[in-house]
Each structure stands twice: as C-alpha cells, then as structure tokens.
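Engineer: So that you can map any letter, position 103 of the sequence shown is 133 in the numbering used here, and since no number is skipped, the others follow by simple counting. Cβ coordinates follow ideal geometry from the N, Cα and C atoms, glycine included. Every value quoted in this text rests on a predicted model; they were computed, and no experiment measured them. To start, I am sharing the structure in question, which I have written as structure tokens.
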Amino acid sequence: MKKTILTILLCGVMVVGISGCGSTKNKLGGDEPLSDHAETILSISMGNESCVPIYLNLYADGNYELFTAYEDCKPLETCNLALKYTKSIKGTYNYDLKKIIENSVSANDITSSDNDSFDYEMIVGNPYIEEGYHYKYVVKKGQNNKYLEEFLKDINVNLKQCANSEYID
31 MKKTILTILL CGVMVVGISG CGSTKNKLGG DEPLSDHAET ILSISMGNES
81 CVPIYLNLYA DGNYELFTAY EDCKPLETCN LALKYTKSIK GTYNYDLKKI
131 IENSVSANDI TSSDNDSFDY EMIVGNPYIE EGYHYKYVVK KGQNNKYLEE
181 FLKDINVNLK QCANSEYID
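Right, dumping it as structure tokens:
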C-alpha cells in the first residue's frame, strides 16, 4: 500500500515537473535589446493587467522588437526603478499597420468607465502622428480587430503574457 501511494505521488510530481504546471514564468527568452534601430512607428502591449506586459515595438524599417524581460528589484526589497526592458526577440514584418490603427479606438474617445477594459494599448509614433493619427489607441475587451489578430498571427506573437523579471544586484 505504501509503495502504491509513493509511486502515485512520485508520478504526480514528475508530471508537474515535465509539463511545467505550477510555473508562471513564460519561456520567451531573448537577447540584449537593440541599441541602434529605426524610428518606432507603433508600440503594442496588452491592456490593463496586474503584471508588466511583454511589449512589441514596430520600427519604420520593417523590423520589430518584442520585449520579454525587465529589470526588477529582489522580493521584499525596496527600490525605485524606472521600467527597463532587458531582453528582446527581434524579427521582421511586412504589414499595413494603418489597418490596425484604423480599426482601433482612439484614446480621445474613451470615457472614464472604459479605463479598465482594454485588450490592447497602442502608442503611435511620430510618422503616423504627422499624418493626423492620434497618439494612443486601444482595442476594447470584446472588440474584434481582425487586422491586429492577423498581424500578430503572421509574426507569431502572443502579447497576452507577462514579461519575466530579472533581479538586479
């Protein structure tokens, strides 16, 4: 009887360890962020969440950078850090980003009751602002922005994840 219970317990522990159940960290990885890149034309992150989101920067030259980790203080330590992403995954894209913006809601049209109900937030870069677009756009929860979903699928990015924290010394 004891062997059976121990065997079941050991198998359960192995399944949890192999499957990653119980782990809240994502496995995105990445390298040092780019130090030299083209002008940012659009930045996208998930909406209001209780964690630091991964962050997607789209550059004017067709490259993108997905920020996956950030500098953080060790648990139970007090410190004042400005958000600084420390790792990113790079890639290229070929997509008409204006379709995404035009099928989103301008932050200028948001009421105070809408403040906590966004799936995505987007910050528009200077080239689009100069064309008359607003600075900030959102995709409200339940709103379908098929162009954003199509774009994220094309570059194989899931923005609905939290960034990994990297503790500083």
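Under the DSSP definition of a beta bridge, which residues are partnered with residue 102?
Structural biologist: Answer is 197, bridged to residue 102.
Engineer: Going by DSSP, name the residue or residues bridged to residue 117.
Structural biologist: Its beta-bridge partners are 99.
Engineer: For residue 139, which of helix, strand or coil comes out of DSSP?
Structural biologist: Of the three classes helix, strand and coil, the one that applies to residue 139 here is helix, per DSSP.
Engineer: Measuring CA to CA, which of 119, 77 and 92 is closest to residue 71?
Structural biologist: It is 92.
Engineer: Which two residues bound the contiguous alpha helix (DSSP H) that contains residue 130?
Structural biologist: Run containing residue 130: 127-132, per the alpha helix (DSSP H) assignment.
Engineer: From what residue to what residue does the alpha helix (DSSP H) around residue 156 run?
Structural biologist: Where residue 156 is concerned, the enclosing alpha helix (DSSP H) stretches over 156-160.
Engineer: Return yes when the Cβ of residue 99 is within less than 8 Å of the Cβ of residue 117, no when it is not.
Structural biologist: Yes, they are a contact pair.
Engineer: Please state whether DSSP places residue 182 in a helix, a strand or coil.
Structural biologist: Three-state result, residue 182: helix.
Engineer: With residue 87 as the anchor, note down where its beta strand (DSSP E) starts and where it stops.
Structural biologist: 85-89 is the span of the beta strand (DSSP E), which, as asked, contains residue 87.
Engineer: In the DSSP assignment, what residue or residues form a beta bridge with residue 151?
Structural biologist: BP columns for residue 151 point to 75 and 168.
Engineer: For residue 101, which residues in the same chain have their Cβ closer than 7 Å to its Cβ, ignoring the five residues on either side in sequence?
Structural biologist: 111, 114, 116, 196 and 198, listed in sequence order.
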